[in-house]
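Student:
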Amino acid sequence: MEIKVRHNGADLKAEAQLIKDTLWVHFNGRTFAVDAQPAGRKRNKAGGGASSDKVMSPMPGKVTKILVNPGQEITKGQAVLVMEAMKMEYTLKAEIAGKIGQIECQIGDQVVLGKLLVKIEAAKA
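In structure tokens form, the structure reads like this:
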């Protein structure tokens with residue numbers, strides 16, 4: 047959906063989509079995730095994004111780029127893959143340093159919210 051945003055006195059447009067309990071808003075070249083649950087309700091952490099040793103789909107969309115290979119060493123915060131959703135690109139990053147285990151998707155795959163995309167083997171300290 048398209049929404050209007052007043053920013054520094056100017057009316058601008060933003061793209062937004064509600065997926066489960068998260069409102070995804072793309073505005074001014076940036077994407078924001080807003081908790082859309084009523085105040086006081088406990089948030090379920092099972093949604094998408096990077097979760098320790100797994101990179102999960104934060105929303106339904108299409109995998110457009112896979113930036114890593116199985117066995118590759120990665121650092122925390124390194125880009126792992128790119129998805130397209132709501133006519134925008136989202137770069138998913140590793141939450142931990144380690145080695146890429148399995149890649150559970152292919153370029154062009156349509157994925158659902160919460161789908162496992164990449165497994166990461168944690169770096170040994």
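Sequential numbering from 47 applies to the sequence shown in this note's numbering. Cβ atoms here follow ideal geometry from the backbone N, Cα and C, with glycine treated the same way.
#1: Could you tell me the boundaries of the beta strand (DSSP E) in which D81 lies?
#2: Would you mind stating whether K100 and K165 have Cβ atoms separated by less than 8 Å?
#3: On the DSSP bridge list, what partners appear for M129?
#4: Please classify D155: does DSSP put it in a helix, a strand, or coil?
#5: Which word fits P116, buried or exposed, when buried means at least 16 other C-beta atoms lie within 10 angstroms of its C-beta?
#6: Check whether the Cβ atoms of G107 and V157 sit closer than 8 Å, and answer yes or no.
Tutor: In terms of the structure at hand:
#1: Within the sequence shown, the letter at position 35 stands for residue 81. Here the beta strand (DSSP E) through D81 covers 76 to 81.
#2: Within the sequence shown, the letter at position 54 stands for residue 100. Within the sequence shown, the letter at position 119 stands for residue 165. Yes.
#3: As a working mapping, residue 129 is identified with position 83 in the sequence shown. Answer by DSSP bridge pairing, in chain order: V109, Y136.
#4: For the purposes of this step, residue 155 is identified with residue 109 of the sequence shown, where counting begins at 1. If DSSP states are grouped into helix, strand and coil, D155 belongs with coil.
#5: The residue given as residue 116 occupies position 70 in the sequence shown. So P116 ends up on the exposed side.
#6: Looking up residue 107 in the sequence shown gives position 61. Looking up residue 157 in the sequence shown gives position 111. In this structure, V157 lies closer than 8 Å to G107 by Cβ.
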